[in-house]
Amino acid sequence: MAELEKLKEFLGAPTPRRWSAGEWTAVENYIGSPLPRDFKAFMDAYGTGVIAEELVIFHPSGSSPLLDRMVRIHESFTESRERRPDDFPHPFHPRGWWPDLMGLRLRRRRALLPAL
Numbered sequence: 316m317a318e319l320e321k322l323k324e325f326l327g328a329p330t331p332r333r334w335s336a337g338e339w340t341a342v343e344n345y346i347g348s349p350l351p352r353d354f355k356a357f358m359d360a361y362g363t364g365v366i367a368e369e370l371v372i373f374h375p376s377g378s379s380p381l382l383d384r385m386v387r388i389h390e391s392f393t394e395s396r397e398r399r400p401d402d403f404p405h406p407f408h409p410r411g412w413w414p415d416l417m418g419l420r421l422r423r424r425r426a427l428l429p430a431l
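Just so you know, we're using the working numbering here: the sequence shown kicks off at 316 and counts up by one.
Structure below.
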């Protein structure tokens, strides 16, 4: 969590909050994959907000709960795909294609290795 401490130095100390671990469980169950611990630690420290007027982040217990937003986006995309399948040829997450993040890192590293 040293990286989180660096972020706290850069962004300033977060307002103390208390969140329920069950909130993350619901999100992870919805996406079908665990989220990185450092991501959840950052989100638990800072909660919902905007960074540098550019990056909007949502916490499961924030003013605009993350899971609610994810469900609405999923429903909207699904409706759009049903109306215009040629514009949306691929299924929207979660539909069993969520990548294994470690697998992506391993493939990326292998791609950088020289051929023998």
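Glycine included, every Cβ here is placed at the ideal spot set by N, Cα and C.
In this structure, L382 lies away from F357, with their beta-carbon atoms at least 9 Å apart.
Nearest neighbour of P331 by Cα position, chosen from T340, P380, E318, D359, turns out to be D359. Around the CB of S395, fewer than 16 other CB atoms lie within 10 Å, so the residue is classed as exposed. The region 333-348 and the region 372-392 touch, with no fewer than 3 CB-CB distances between them shorter than 8 Å. In this structure, the CA atom of T393 is about 25 Å from the CA atom of G377. When rounded, the separation of the alpha-carbon atoms in E390 and G362 is 24 Å.
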